[in-house]
Amino acid sequence: MKDYIATIVKNEQIAENIHAVTFALDEDVKVRCGQFGDIAVGGTHLLRRPIAICKAEGREITFCYQIKGEGTQKLKTMGAGTRLNVLMPLGNGFYVEKNEKKVALVGGGVGVFPLVSVLREYGASKEVSAYIGYRNKNAVCGVEEFEKATKFVGVTDDGSYGERMNAVQAFAKDLEAGNRPDVVLACGPTPMLRALKALVEKEGLNCYVSLEERMGCGIGACLVCVCDLTNGKKARVCKDGPVFKADEVTL
Amino acid sequence: MANLSVSICGVQLKNPVIAASGTFGFGREFNGLYDIGTIGGVSTKGLTLEPRLGNPVPRIAESRGVILNAVGLQNPGVEHFIENDLDWLKATGTCVIANVAGKTLDDYKGICERLDGRVDMIELNISCPNVKSGGMAFGIKPETVEEVTRVAKSGAKNTPLIVKLSPNVESIVSNAKAAERGGADCISLINTLTGMAIDIERRKPIIANNTGGVSGAGVKPIAVRMVYEASQAVKIPVIGMGGITCAEDAIEFLMAGATAVQVGTANFTDPYAMPKIIKGLNDWCDKHGVANVTELTGTLQLNQK
Ligand SMILES: Cc1cc2nc3c(=O)[nH]c(=O)nc-3n(C[C@H](O)[C@H](O)[C@H](O)COP(=O)(O)OP(=O)(O)OC[C@H]3O[C@@H](n4cnc5c(N)ncnc54)[C@H](O)[C@@H]3O)c2cc1C
Ligand SMILES: Cc1cc2nc3c(=O)[nH]c(=O)nc-3n(C[C@H](O)[C@H](O)[C@H](O)COP(=O)(O)O)c2cc1C
Ligand code: FES
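Sequences listed follow chains G and Z, in order.
Be aware that the first sequence starts at 6, since it is given in my numbering, and climbs by one per residue.
Be aware that the second sequence starts at 783, since it is given in my numbering, and climbs by one per residue.
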């Protein structure tokens, strides 16, 4: 973990309301899939923005972000050459065991971006099926990456791209058809993760979910970003997560 | 190289820059970024006798120039701290300040007794609701400030006691004096100002607790004014904080009357904020021919009106 001074090389729209920013660093950074960076947008914004690392190639790091509030609005306007501080890599990330051959990725909303990093890390060594849900066809992105998976099922809430269903329904459908993974890795809105958790519990599947929470320090010191564990304790999303075993967190 | 060391109530600090309670945990995480033995001190996350789970999330929000938080004193309890973190933190070489809180006078006395002689200083967070007086914070009225200070000091017989003042009060001067009367060895200020931030789409406060404590750059002028007023009113040393982001900010507090400063929210914006402030202090002193940083304390000269 280090606070890198990162220079924007590219910052462009990739789908409706979604932008991808690529930074150049002055040294290599080793990143595990599912880890995130805390981006300082500067000015009157005292908190950094936690964004999943989508791609890490040597000295180049790409984040994909949805425009939500003032910080991402500001980030969107920054052109090539702009230098920002990015604290990374943060969090634990996703990890697939040696004996887990078949991996299912279930993602929706901004949760699709950390899953791109999983596919990049495990796509060659594992049999990966990706079930990705978008709001509508204008929100579709990352397809060129997901198409590299053994299987890619892209769906939308309104049926304007792929079938009309959500990512969990797409996964459930394939499960019913007999495509049973050794491990499920998921990221997306809480209602989606809740539905997935119920499904994997019923099916007895091993599942990991990546959570989102508002953060202060991003490194585990301030206890701002906690989630509830099923054992009654609290865990820090930034340091103990953002990836948790689905049966260990309360959603 | 200027001499940055300061002495507060007989405790020697390498420099006057202390990590503010609640933003720095017990120091372990930041020690992964730099050697925290190089900073003047660490005020720990607020400790209570029993472990606390804190408030529901979201616990934080941002507003231009400031942040709001309502962590609700989540902490593993004082015994866990003594057993697992205290020796480690001492071994870093920084000055260990245990920040403590309670719901009753007995809580304050008990926790001070437990920490007495084990830490370099104890900092009393009196912005907590007093169960006996219907939840009004101990730190609001001078009478309860004095009472809680006296009771805590009876527990912290051998350890300098810092009373941390809340800014959400009628008169900071009255409360500073009350702490001094109660036997405080030092005062620190300011704790957070109570605020609210609203998500207009949901028509609800962003923070689950509805209100939160405001801190960060934007509160600095209020904090500087209060540090000035309080330091004029008492003889005991003053530790200033509220919005310090850079060395120049820290110098304002010193000139206003503080012997040392604490840095909180700036650690979130820039995790290296404190080492940068320490270096900046040294550079400023060198440039201005200040041999000892202690020469700056209370040197403010008001304009003639
Ligand atoms: C581990 C992690 C990974 C994430 N990865 C991505 C990603 O790959 N792509 C993406 O588009 N978004 C991602 N998010 C969500 C992203 O952090 C927020 O959308 C973003 O911070 C909003 O900032 P803003 O300035 O536009 O919004 P504002 O509302 O102006 O932000 C105000 C404050 O609230 C925080 N905040 C607001 N919404 C969220 C949220 N949903 N989660 C956490 N903090 C929030 C901001 O960080 C900021 O501190 C991730 C969040 C986490 C915790
Ligand atoms: C996330 C957070 C948690 C805090 N927790 C505590 C605490 O446990 N005890 C305490 O006395 N003050 C606590 N504070 C207040 C700070 O120590 C400090 O008084 C205040 O934030 C003003 O300084 P700053 O503007 O540099 O942050 C907390 C502040 C923040 C931002
Ligand atoms: S953001 Fe500070 S502990 Fe997670």
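Note that beta-carbon positions come from the ideal geometry of N, C-alpha and C, so glycine has one too.
Everything numeric in this text was worked out from a predicted model, so none of it was measured.
Extent of the continuous beta strand (DSSP E) to which N14/G belongs = Note on residue identity: the sequence assigns Val, not Asn, to residue 14/G. That run of the beta strand (DSSP E) goes K7 to A20.
Who pairs with S956/Z in a beta bridge, going by DSSP?
-> S956/Z pairs with nothing; no bridge assigned.
L947/Z: CB within 7 Å of a non-hydrogen atom of ligand 2 = Result no, Cβ not under 7 Å from ligand 2.
Using a Cβ-Cβ cut-off of less than 8 Å, list which residues of the region 829-852 of chain Z approach chain G; keep chain order.
-> Answer set for the region 829-852 of chain Z: L835, G836, V839, P840, R841, I842, A843, E844, R846, G847, V848, I849 and N851.
Short Cβ contact (8 Å threshold) for E75/G with D187/G = No. Outside cutoff.
Would you kindly work out how many angstroms separate the C-alpha atoms of L795/Z and A109/G, rounded to a whole number?
-> Those two C-alpha atoms are separated by around 54 Å.
Min CB distance F1050/Z to chain B below 8 Å = No chain B is present in this structure, whose protein chains are G and Z.
Hey, quick one: how far does the beta strand (DSSP E) through V133/G stretch, first residue to last?
-> Boundaries of the beta strand (DSSP E) around V133/G: E132 to Y139.
Residues of chain Z with a CB under 8 Å from the CB of R199/G: which are they?
-> Within chain Z, no residue comes near R199/G; the closest Cβ sits about 16 Å away, beyond 8 Å.
Determine which residues of the region 226-241 of chain G have a Cβ less than 7 Å from any Cβ of chain Z, and write them out in chain order.
-> For the region 226-241 of chain G, which is checked against every Cβ of chain Z, the residues closer than 7 Å are A226, C227, L228, V229, V231 and K239.
Starting from the N-terminal side, write out each stretch of the beta strand (DSSP E) that is 3 residues or longer and does not extend beyond the region 934-1007 of chain Z.
-> Qualifying beta strand (DSSP E) stretches, in chain order: 943-946, 968-971, 975-977 and 994-997.
Any residue whose CB is nearer than 5 Å to a heavy atom belonging to ligand 1, listed in chain order | For ligand 1, the selected residues are F41/G, L52/G, R54/G, P55/G, I56/G, A57/G, Y70/G, Q71/G, K73/G, G74/G, E75/G, G76/G, T77/G, V115/G, F118/G, E217/G, R219/G, P247/G and E844/Z.
Would you say S803/Z touches ligand 2, meaning its beta carbon is less than 7 Å from a heavy atom?
-> For S803/Z, the Cβ falls inside the 7 Å cut-off from some heavy atom of ligand 2.
Candidates V123/G, A144/G and D31/G: closest to I72/G by CA position = Of the candidates V123/G, A144/G and D31/G, the one whose C-alpha sits nearest the C-alpha of I72/G is A144/G.
Which chain Z residues sit within Cβ distance under 8 Å of E218/G?
-> Near E218/G (Cβ distances below 8 Å), the residues of chain Z are V839 and P840.
How about L95/G: is its C-beta nearer than 8 Å to some C-beta of chain Z?
-> No, L95/G lies away from the interface with chain Z (no Cβ there is under 8 Å from its Cβ).
With distances taken from each beta carbon to the nearest heavy atom of ligand 3, which residues come in below 7 Å, in chain order?
-> Put simply, the residues with a CB less than 7 Å from any heavy atom of ligand 3 are M220/G, G221/G, C222/G, G223/G, I224/G, G225/G, A226/G, C227/G, L228/G, V229/G, C230/G, R241/G, V242/G, C243/G and K244/G, in chain order.
Rounded straight-line distance, which links the Cα of L1063/Z to that of E1030/Z = Spanning the two alpha carbons is a distance of roughly 8 Å.
Measure the C-alpha to C-alpha separation of H24/G and V788/Z and round it to an integer number of angstroms.
-> Approximately 49 Å between the Cα atoms of the pair.
Answer yes or no: the CB of T1047/Z versus the heavy atoms of ligand 2, is any distance below 7 Å?
-> Indeed, a heavy atom of ligand 2 lies less than 7 Å from the Cβ.
Local conformation of K156/G per DSSP, three classes = Three-state DSSP puts K156/G in a strand.
Would you mind listing the beta strand (DSSP E) stretches within the region 196-239 of chain G that are 3+ residues and don't spill past its ends, in chain order?
-> Taking only runs of at least 3 residues, the beta strand (DSSP E) segments lying wholly in the region 196-239 of chain G are 212-215 and 231-233.
Cβ of V853/Z within 7 Å of any heavy atom in ligand 2?
-> Yes, the Cβ of V853/Z comes within 7 Å of a heavy atom of ligand 2.
Quick one: which unbroken alpha helix (DSSP H) runs of 4-plus residues sit fully inside the region 36-104 of chain G? Chain order, please.
-> Positions of the alpha helix (DSSP H) runs, each at least 4 residues long and wholly inside the region 36-104 of chain G, are given as 75-81 in order along the chain.
Using 7 Å as the cut-off, classify the Cβ of K1058/Z as near or not near the heavy atoms of ligand 2, replying yes or no.
-> No, since every heavy atom of ligand 2 falls outside the 7 Å radius drawn around the Cβ of K1058/Z.
Is M918/Z near ligand 2, in the sense that its beta carbon is under 7 Å from a heavy atom of that ligand?
-> False, no ligand heavy atom lies under 7 Å from that Cβ.
CB of V133/G to nearest heavy atom of ligand 2: below 7 Å?
-> Checking every heavy atom of ligand 2 against the Cβ of V133/G, none is found closer than 7 Å.
Contacts of Y1054/Z in chain G (Cβ-Cβ under 7 Å) = Ordered by position in chain G, the residues that pass the 7 Å Cβ test against Y1054/Z are D8.
Would the C-beta of I1026/Z count as close to ligand 2, meaning under 7 Å from any of its heavy atoms?
-> Remark: the C-beta of I1026/Z is in contact range of ligand 2, defined as less than 7 Å to any heavy atom.
Beta-carbon proximity check, D43/G vs L92/G, cutoff 8 Å = Taking 8 Å as the Cβ cut-off, D43/G and L92/G qualify as a contacting pair.
Compare the C-alpha of S803/Z against each of H1070/Z, N857/Z, I1004/Z and T820/Z and name the closest.
-> For the residues H1070/Z, N857/Z, I1004/Z and T820/Z, the minimum Cα distance to S803/Z belongs to N857/Z.
Given that a residue counts as buried once 16 or more other Cβ atoms are within 10 Å of its Cβ, and exposed if not, what is R169/G?
-> Exposed: under 16 other Cβ atoms inside 10 Å.
With 8 Å as the C-beta to C-beta threshold (strictly closer), list the residues of the region 30-64 of chain G near chain Z in chain order.
-> Per Cβ criterion, the list reads A45, T49, H50, L51, L52 and R53.
Which value, in whole angstroms, describes the spacing of the CA atoms of L80/G and A966/Z?
-> Straight-line spacing of the CA atoms in L80/G and A966/Z works out to 47 Å.
Residue of E102/G, V248/G and N236/G minimising C-alpha distance to A191/G | For A191/G, the closest of E102/G, V248/G and N236/G by C-alpha to C-alpha distance is V248/G.
Could you tell me if the beta carbon of M83/G falls within a distance shorter than 7 Å of some heavy atom in ligand 2?
-> No, ligand 2 has no heavy atom inside 7 Å of this Cβ.
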